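Q: Once you've had a glance at the structure underneath, I'll fire off some questions.
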Amino acid sequence: MQTVTIDQLSDVLDEGGVVIDVREREEYATAHVPGARSIPMGQVASRKTEIDRERPVYLICDSGNRSSAMVDLLAAEGYDAHNVRGGTRAWIESGRPVEGGA
């Protein structure tokens, strides 16, 4: 499985990379990486056609476990999918900005 650190994710975002947050909508609404799109884990399989196959995609959750499973699912279907190690929790703990509520 391909993984990236939050430092690498920051570079990806600067370059306009595609980030999918697979947490539940309530979690996403509370705080998420700026620019991340919400597709909850339970919907990834049925909504995968919404994800561009021609670009790398970076999946994130709270800690990296749920996103890891979704990377496996997408990679098996030919997507260039990457897991964000440490997830949104590591992003927040690093002091990086988030979008969403408190």
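In the numbering used here, each residue carries its 1-based index in the sequence shown increased by 419. Glycine is no exception: its CB is placed at the ideal position from the N, C-alpha and C atoms. For clarity, every value in this text was computed on a predicted model and none was experimentally measured.
#1: Sort Ser457, Gly461, Ile511, Gly519 by Cα distance to Tyr477 and report the nearest one.
#2: Flag this pair as yes or no: are the beta carbons of Val452 and Glu518 separated by less than 9 Å?
#3: Report the CB separation of Ile479 from Val503 in whole angstroms; it is logged as a contact under 8 Å.
#4: Which residue comes first and which comes last in the beta strand (DSSP E) that contains Ala500?
#5: Exposed or buried, what is Ser513 when buried is set at 16 or more other beta-carbons lying within 10 Å of its beta-carbon?
#6: From Ala450, His501, Asp426, pick the residue whose C-alpha is nearest to that of Gly483; which is it?
A: With the structure as the only source:
#1: Against the sequence shown, residue 477 aligns to sequence position 58. Ranking Ser457, Gly461, Ile511, Gly519 by CA distance to the CA of Tyr477 puts Ser457 first.
#2: Reading the sequence shown from its first residue, position 33 is the one you call residue 452. Reading the sequence shown from its first residue, position 99 is the one you call residue 518. In this structure, Val452 lies near Glu518, with their beta-carbon atoms less than 9 Å apart.
#3: As a first step, residue 479 must be located in the sequence shown, where it is residue number 60. As a first step, residue 503 must be located in the sequence shown, where it is residue number 84. The Cβ separation is near 4 Å, so the contact holds.
#4: Numbered from 1 along the sequence shown, position 81 holds the residue referred to as residue 500. Note, Ala500: beta strand (DSSP E), 500-503.
#5: Counting from one through the sequence shown, the residue named residue 513 turns up at place 94. Under this definition Ser513 is an exposed residue.
#6: Position 64 of the sequence shown, counted from the first residue, corresponds to residue 483. In terms of Cα proximity to Gly483, the closest of Ala450, His501, Asp426 is His501.
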